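Asks: Can you read through this structure? Questions will come right after.
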Amino acid sequence: MEFSHKKIEKKWQKFWEENHTFKTTDIHDKKAYILDMFPYPSGAGLHVGHPKGYTATDVFARMRRMQQYDVLHPIGWDAFGLPAEQYALKTGNDPREFTAKNIVTFRNQLKTLGFSYDYNKEVNTSDPNYYKITQWIFQQLYKKGLAEIREANVNWCEGLGTVLANEEVISENGKMVSEVGGFEVIKKPMKQWVLKITKYADRLLEGLETLDWPHSVKELQKNWIGKSTGLTIDFKVEDSNENISVFTTRADTIFGVSYIVLAPENDLVLKIANKNNLVEVQNYVTLAKTKTDVERQDDSKEKTGVFTGTYAINPFTNESVPVWVADYVLNDYATGAVMAVPAHDERDWKFATKYDLPIKFVIETKDESKAFIGEGKHINSDFLDGLDRIEALELMTKKAQEMNVGQVKVNYKLRDWLFSRQRFYGEPFPVLFLEDGEIALIDEKDLPLLLPQTDYIKPSGTGESPLANLTDWVNIEYNGQKAKRETNTMPQWAGSCWYYLAYILTTSPNNLIDINSKEAMQLFKKWLPVDLYIGGQEHAVLHLMYARFWHQVLFDLNVVPTAEPFQKLINQGMILADNGEKMSKSKGNVINPDEIIESHGADTLRLYEVFMGPLEASLPWSYKGLDGARKWLDRVYRMIENIELTENNNKNLDFVFNDVVKKVTNMIEDCKFNTAVSQLMVFVNAVYKEEGPIYRPYIENFLKMLSVYAPHLAEELWEKIGNQASVCLEEWPNYDETKLVLDTVTIAVQINGKLRATFEASKGMSKEEMLIKAKEISNVQEFLAGKEIIKEIAVPDKIVNFAVK
520 MEFSHKKIEK
530 KWQKFWEENH
540 TFKTTDIHDK
550 KAYILDMFPY
560 PSGAGLHVGH
570 PKGYTATDVF
580 ARMRRMQQYD
590 VLHPIGWDAF
600 GLPAEQYALK
610 TGNDPREFTA
620 KNIVTFRNQL
630 KTLGFSYDYN
640 KEVNTSDPNY
650 YKITQWIFQQ
660 LYKKGLAEIR
670 EANVNWCEGL
680 GTVLANEEVI
690 SENGKMVSEV
700 GGFEVIKKPM
710 KQWVLKITKY
720 ADRLLEGLET
730 LDWPHSVKEL
740 QKNWIGKSTG
750 LTIDFKVEDS
760 NENISVFTTR
770 ADTIFGVSYI
780 VLAPENDLVL
790 KIANKNNLVE
800 VQNYVTLAKT
810 KTDVERQDDS
820 KEKTGVFTGT
830 YAINPFTNES
840 VPVWVADYVL
850 NDYATGAVMA
860 VPAHDERDWK
870 FATKYDLPIK
880 FVIETKDESK
890 AFIGEGKHIN
900 SDFLDGLDRI
910 EALELMTKKA
920 QEMNVGQVKV
930 NYKLRDWLFS
940 RQRFYGEPFP
950 VLFLEDGEIA
960 LIDEKDLPLL
970 LPQTDYIKPS
980 GTGESPLANL
990 TDWVNIEYNG
1000 QKAKRETNTM
1010 PQWAGSCWYY
1020 LAYILTTSPN
1030 NLIDINSKEA
1040 MQLFKKWLPV
1050 DLYIGGQEHA
1060 VLHLMYARFW
1070 HQVLFDLNVV
1080 PTAEPFQKLI
1090 NQGMILADNG
1100 EKMSKSKGNV
1110 INPDEIIESH
1120 GADTLRLYEV
1130 FMGPLEASLP
1140 WSYKGLDGAR
1150 KWLDRVYRMI
1160 ENIELTENNN
1170 KNLDFVFNDV
1180 VKKVTNMIED
1190 CKFNTAVSQL
1200 MVFVNAVYKE
1210 EGPIYRPYIE
1220 NFLKMLSVYA
1230 PHLAEELWEK
1240 IGNQASVCLE
1250 EWPNYDETKL
1260 VLDTVTIAVQ
1270 INGKLRATFE
1280 ASKGMSKEEM
1290 LIKAKEISNV
1300 QEFLAGKEII
1310 KEIAVPDKIV
1320 NFAVK
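First residue of the sequence shown: 520, per our numbering; consecutive thereafter.
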């Protein structure tokens, strides 16, 4: 290897830190807020997948800085979380100490990679100065009627002693288990804090139209919100005073209903079940509690269900239809009951076929061997016969309302956000439960409500969090009344909902100004929205949805000036193991970036990760590719070592330099970081072909462009050619459009259609000159020797062709 990366990298990292090179400025009329999805500081530290997105944002931020933008490029820590708590329970350590140690490891790793973060803006969600504002935001949600305590069906994990979010639960052998530890999880009704995100469902949908986000992410969010307009229709239960209300977007197919399905959690199930079927129904309901919602909705899995022994009356046919309970229906969507039309729904078809239930076609089709879900005229549908879908829906809506058996309803798949966790290591709720049954908010001046110091963080055993063990902390007096603190804590999502605002408010690590101050509003007006946000697609729905919800609430409260937080979003792809598998500790195929920095250098790792392919693509790791990146940096180093610079421009590199500057600039603007590197390689190749001195400004501007990818080497070479200060703060190069017009062109010479030679010619050379020039080429002369030229063709600036025999 040509240069000592260890010596160079330590030297320049020390220089940047001592000189505050990447301090956030407020001196320009343009701003760029460049944001990474901030990491959870696990004990494992970074793996080579992390730097891919971080390098991409760093390249962009460095270019913007050189383009004379004020740049905010911060980093922080999503520091609360279940893994730290579990580790603490196993080892007897305080999760705060464990997290602080991990943060030091992560920070040091990031610094060795040379990222241009402003560490003065660093935040930590578990710092009291930070969660003081998290608690304040929760209080505003409560005051606005968007937070309440409600009994809800939750994922309860006895082994961890806490409720888990859906994404913290996985399925193993058909049973729900916790992602952390693999403990059994069941569905259980519990009183929980709930945030009413559904109140903002339409706003969340509408806001998507204004964002420069990947189409796939927008579709995921739209589907998660799942807005649909339909009818709720009442089916009277036979021999009962009960009604089953079903929600359907296809009320026009009601004449094809052959059974009703209730979700296992629906309160009606045990009320209406026939006593002869009750035990079987109860057993089925219990079994359903062990399955994840994702598994229950998986269409590839065989559907199961149990007949309740009860029938309901179709209000339009007066026919009795059997009522079943089946776990493919979810209770928290619409009414928790569906009318099944197996002839026109694939899921219902499979279920009806399995249990030998009637199938009746009510839309015309030539093939009745499978469910028909296309468009067609209605049949077997009484007053709807002959109508198309739109006409039939319109008439059915009118009839249902006239008969008083149905009403128009807008429904959403989006559920309100379960916000309680039975954990110690999270934000305490800033509320009190008074002995008269009222809820009181802690006075704002008394925030933050601190997480108490304790060595005892084991689960309470009562379904409450470990905080319930601390009776002196729980039981207090408030305005002369006995009061109890909430012993649940907030989920990890809470801190990550607003961390992008925290960076703006931070004056020094974990010191934040008041979020609801005039000063804060002025800062928000400068920096919002985030201009570029890069992170993994695993956060495409929940984190982004939750953050948008909180932001829109803060917008309504006039705390922030924009309706949306993140203007442009890119999901980076994963770096896979060399065999194409996902890296994981269990497979033993995780690559530690520290080892790569030691062997090849941080610049090599940075360059390789963004050069290996498009940012959005998931690609396998290749040590051959890593070696190639290092070899190219060595080549750049040799080029500068051996080059002679001149102040006189011989114009030989005019075109290639200006072309490269234009393309690199545009490619980084478009986040096509890999192709921009290719253009830098084009320039290096052109320099190597030159025999004389090289025009100094072209080399200096090349080093400026190189600095966004390989900042340590660029700084060293910038100094080596006699410059002072930091190349990272130089102005980004401009290109001269007039130099992008070539005076020469390459002419191809063909004989009988086969390429035999090329030559350089002045642009606009006449056909006659082109023919003469072509015949002077020795290789062409050999192929023409002894041949009769029967035709000569010359296309100006392109080609010469001889036809011979």
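Glycine is no exception: its CB is placed at the ideal position from the N, C-alpha and C atoms.
Since this is a predicted model, take the numbers as computed values, not measurements.
Please identify the residue among R1154, E894 and P834 whose C-alpha is closest to the C-alpha of K918.
Replies: Selected option, being the one with the closest Cα: P834.
Asks: So, does the segment 806-822 touch the segment 884-891, judging by three or more C-beta pairs under 8 Å?
Replies: They do not touch, by the three-pair rule.
Asks: Note the first and the last residue of the continuous alpha helix (DSSP H) segment covering P1216.
Replies: R1215 to S1226
Asks: Quick one: Cα of Y636 to Cα of M585, how far?
Replies: 15 Å
Asks: I'd like to confirm the pairing. Which residues does DSSP put opposite S697 in its beta bridges?
Replies: V688
Asks: Does the pairing of the segment 1095-1107 with the segment 702-719 give three or more beta-carbon distances under 8 Å?
Replies: no
Asks: Would you kindly report the start and end of the unbroken alpha helix (DSSP H) that includes N1111?
Replies: It is not in any alpha helix (DSSP H) - N1111 carries neither H nor E in the DSSP assignment.
Asks: Using DSSP with H/G/I as helix, E/B as strand and the rest coil, what is N1090?
Replies: strand
Asks: Mind the definition here: the segment 1026-1046 touches the segment 968-985 only if three or more C-beta pairs lie below 8 Å; say whether that holds.
Replies: no
Asks: With DSSP as the reference, label C1247 as helix, strand or coil.
Replies: helix
Asks: If you reduce the DSSP assignment to three classes, tell me which class P602 lands in.
Replies: DSSP, reduced to helix, strand and coil, places P602 within a helical segment of the structure shown.
Asks: Comparing alpha-carbon positions, which option in V800, T836 and D812 lies nearest V842?
Replies: V800
Asks: Taking its Cβ as the centre, do 16 or more other Cβ atoms sit within 10 Å of D1122, making it buried, or is it exposed?
Replies: buried
Asks: Can you say whether R583 is buried or exposed, counting buried as having 16 or more other CB atoms within 10 angstroms of its CB?
Replies: When all chains shown are included, R583 counts as buried.
Asks: For A856, count neighbouring Cβ atoms within 10 angstroms of its own Cβ and tell me buried if that reaches 16, exposed if not.
Replies: buried
Asks: If you draw a straight line from the alpha carbon of K1310 to that of K1282, how long is it in whole angstroms?
Replies: 24 Å
Asks: Quick one: residues in its chain with C-beta nearer than 6 Å to the C-beta of W1069, no 5 flanking neighbours on either side, listed in chain order?
Replies: C1016 and W1017
Asks: Leaving out five residues on either side along the sequence, give the residues of the same chain with a beta carbon under 8 Å from the beta carbon of K1294.
Replies: So the qualifying residues of the chain are Q1300 and L1303.
Asks: Measuring alpha carbon to alpha carbon, tell me which residue in I882, D867 and E883 is nearest L876.
Replies: D867
Asks: What residue range is occupied by the uninterrupted alpha helix (DSSP H) comprising W732?
Replies: From DSSP, W732 is part of no alpha helix (DSSP H); its letter is neither H nor E.
Asks: When you compare the segment 1164-1176 with the segment 1199-1217, are there three or more beta-carbon pairs, one atom per stretch, that lie closer than 8 Å?
Replies: yes
Asks: What is the C-beta distance between L1126 and I1116, in whole angstroms, given that I count them as a contact (C-beta under 8 Å)?
Replies: Not really, about 13 Å apart at Cβ, beyond 8 Å.
Asks: Please classify E663: is it buried, with 16 or more other beta-carbons within 10 angstroms of its beta-carbon, or exposed?
Replies: According to the sequence provided, residue 663 is Lys. The question's Glu does not apply to it. Result: exposed.
Asks: Within the continuous alpha helix (DSSP H) that includes D867, where are the two ends?
Replies: In this chain, the alpha helix (DSSP H) harbouring D867 covers E865 to K873.
Asks: Among E1249, G1305 and N1030, which one has its Cα closest to the Cα of T644?
Replies: N1030
Asks: Below 8 Å on the Cβ atoms is my contact criterion, and I expect L750 with G925 to pass it. Report the Cβ-Cβ distance as a whole number of Å.
Replies: In this structure L750 touches G925 by the C-beta definition: roughly 4 Å separates them, less than 8 Å.
Asks: As a quick exercise: from L1232, L1290, Y874 and E1210, pick the residue whose alpha carbon is nearest that of K525.
Replies: Per the C-alpha coordinates, the member of L1232, L1290, Y874 and E1210 positioned closest to K525 is L1232.
Asks: Considering only their Cβ atoms, is the gap separating L1088 from Y1052 smaller than 7 Å?
Replies: yes
Asks: Given a cut-off of 7 Å, decide if Y931 and I773 are closer than it, judged by their beta-carbon atoms.
Replies: no
Asks: Spatial neighbours of T543 within its chain, please: C-beta separation below 6 Å, excluding the five flanking residues on both sides.
Replies: Same-chain partners within the cutoff: L591 and D637.
Asks: What's the gap between the Cα of E761 and the Cα of T827?
Replies: 14 Å
Asks: By how many angstroms is the C-alpha of S764 removed from the C-alpha of A671?
Replies: 20 Å
Asks: Start and end of the alpha helix (DSSP H) containing S764?
Replies: Taken as a continuous stretch (DSSP letters only), S764 belongs to no alpha helix (DSSP H), being part of the beta strand (DSSP E) at N762 to T767.
Asks: If the criterion is Cβ atoms closer than 7 Å, does the pair N850 and A782 meet it?
Replies: yes
Asks: Throw me the rounded Cβ distance for the V780 and V860 pair, which I believe falls under 8 Å.
Replies: Their Cβ separation, rounded to whole angstroms, is 11 Å, which puts V780 and V860 out of contact at 8 Å.
Asks: Helix, strand or coil for R1004? Go by DSSP, reduced to three states.
Replies: The answer is strand: DSSP assigns R1004 an E or B state.
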